[in-house]
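Letter by letter, the sequence shown follows residues 203 to 592 of the numbering used here.
Ideal placement from N, C-alpha and C gives every residue a C-beta, glycine not left out.
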Amino acid sequence: MTHWFSKERIKEKPKPGVNVPREIVAVSPTTTETIPASDSVVPVKKTSQQRVEGRSHCGFKVFGRDQPVKSLDIWLGRRINANMSNIGAIDGLQVDKRFKSIIAGAFVGSRPDYTDYSINFNLFQFGAYVGHVYANKQHREMRTTFAFVEQKNNGATDRRFIYLQHDNSLLKNLYFFGTAEMDLYQNINGAKQSVFNLTNLYLTLRYRVIRQLTFSVSYSARHTPIYYETYKDYVQRLIDEETLQGFKFQVNYRPVRKLSLGVRAGYRARKDDPRASKNLYVWVTYSQVPGIDVAVTLSATILESAYLSGKIYSLDLSRDLVSGKLYAGAGYRYVDYKYSYVEGSLNQHIGNINLTWKIIRKISLSIAYEGVFENSYTYNRIYANLTGRF
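See below:
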């Protein structure tokens, strides 16, 4: 049993064709302020597939074993499929099947609404994939997936594309992940035709020098995907848009068992941008403060783009109230944005409190409160999520 609760918009999102870098528009799952897109700052030992499954899961497994894609899995609800993770969340039915080293799957459902991430059955989509999994004697894995996806808007074709994904951890301490998307459909002024255009390319390489020190670097070349029905008033602008290229470099260091430090720097630019987008993110986490057993994370972000510059400072606390049963967290963020082409700035004080209760072994309830306080406005939100796994 699963319920969805959608967020309302705080402010207007950028119109299609406006070059806003990914680092600036990523939204935290527990807060509504804009922050750099990132993985968890607290290192956790999980497989690449398990990490992706946990990013946007709001459904339940109808049938299957505990390990993903071990034999036959059937999922119902909102879920990111790790075999085609960059496609994003899917609302609907997903089936995964493994035949020895061959994996295959299909899905039918809808995309989350592009304005507020709620369920929107008018954005119907379906697709299928096939892939290959290889594991060596050291149980390190290589996985390759080829997928076909058709996306609709009120019954008309919005986007049709193929998707490639490869992740590889066969070499000790070295991990590679890459994706590519090729669009197959074009509709300009009513003239529909088949095409084969590379839309997105993403490559990342991570190397663990020693157990406590990890380096990673990534490259992306991204052209805004064109949804011909959703963005029909902006199609020509999107076609003329230059490809956005970016680099990211990250260092993670754990000097002692409970302390972790990290730095991430990013750079993104288009040829026609007035200036490149840059960001720097620094954090420190202590996972168990003596005497109170609280995990504490302090972080700071500096952003600069063609449209704004800003800083974000945050403090997050979390701990188990009842071991294995009740978990609580709280956080505070200060956001200071200055816009480049309009007068004024945005200052926000954001607080959040969340509570997760594991009712029984496979059923959990999460409740969260979030308050956003600005000079002229205050926003209060309560989120609830009931998740069952079968």
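Length of the line joining the Cα atoms of residue i and residue j
i	j	result
L482	S516	14 Å
Y655	I561	No information on residue 655 is available, as it lies outside the stretch 203 to 592 that the chain covers here.
D275	L295	11 Å
V397	S273	36 Å
T346	I565	33 Å
Y541	N582	25 Å
M384	H425	11 Å
G144	S568	One cannot answer for residue 144 here, as it falls past the ends of the chain, which runs 203 to 592.
L372	V335	11 Å
R342	K374	8 Å
R408	I428	31 Å
S578	N338	59 Å
A497	E352	43 Å
T580	A291	30 Å
T499	A358	46 Å
G590	Y488	31 Å
Y529	N556	8 Å
R313	I321	7 Å
K652	Y421	This structure leaves residue 652 out entirely; the chain is present only between 203 and 592.
Q340	Q447	36 Å
V544	D298	49 Å
V227	A471	Annotation note: pLDDT 31 at V227 (below 50); position unreliable, coordinate value reported separately. Cα to Cα, V227 sits roughly 15 Å from A471.
G464	L415	10 Å
E393	L386	According to the sequence displayed, residue 393 carries Ala and not Glu. Going from the Cα of A393 to the Cα of L386 covers about 14 Å.
CA nearest to the CA of residue i, picked from the options
i	options	result
A308	V332, P314, I562 and N288	V332
F348	A532, L405, L366 and S525	L366
A502	Y336, T445, D538 and S422	D538
T558	V453, V574, Y585 and M286	Y585
G287	T317, D369, N338 and L500	Just to set this straight, residue 287 is Ser in the shown sequence, not Gly. The residue with the shortest Cα to Cα distance from S287 is D369.
P457	V486, I504 and D474	V486
R410	K394, A393 and V453	V453
I304	R280, P314, M344 and Q327	M344
K513	I321, Q550 and Y455	Q550
V491	Y509, S520, V465 and D315	S520
I390	R535, F328, A306 and D360	D360
F363	N399, G357 and Q340	N399
A508	D475, V484 and G533	D475
I494	K480, D522, I504 and R472	D522
G311	R280, G526, S511 and D298	R280
L548	L510, S525, Y529 and N556	L510
F417	A467, R477 and L386	A467
L325	D293, F449, K302 and R300	D293
V484	S462, I412 and A570	S462
R413	F449, Y455 and Y387	Y455
G526	I555, L505 and R563	R563
G553	V544, G546 and E576	E576
D518	L588, T317 and Y534	Y534
G573	G546, Y536 and V544	Y536
R477	L505, G464, K460 and R459	L505
D315	R300, N356 and N285	N356
F323	T445, L588, K480 and K354	K354
Which of helix, strand or coil DSSP assigns to residue i
i	result
A284	helix
I561	strand
I289	helix
I584	strand
P427	coil
P314	strand
N402	strand
Q414	coil
D474	coil
K457	Reading off the sequence shown, one finds Pro at residue 457, where the question assumed Lys. Note: P457 maps to strand in three-state DSSP.
Q340	coil
K302	coil
K354	strand
T445	coil
S566	strand
Y543	coil
I364	strand
G573	strand
G493	coil
S578	coil
For residue i, the residue or residues it bridges with in DSSP
i	result
Y319	Answer by DSSP bridge pairing: none, since Y319 is not bridged.
K513	I504 and D538
D369	R345 and F379
K394	N389
Y409	L376 and F417
Y529	D522 and T558
S479	R470
V484	V465 and A502
N549	D538
Would you be able to state if there are at least three C-beta pairs under 8 Å between the region 371 to 385 and the region 398 to 413? Contact holds: three or more Cβ-Cβ distances are below 8 Å.
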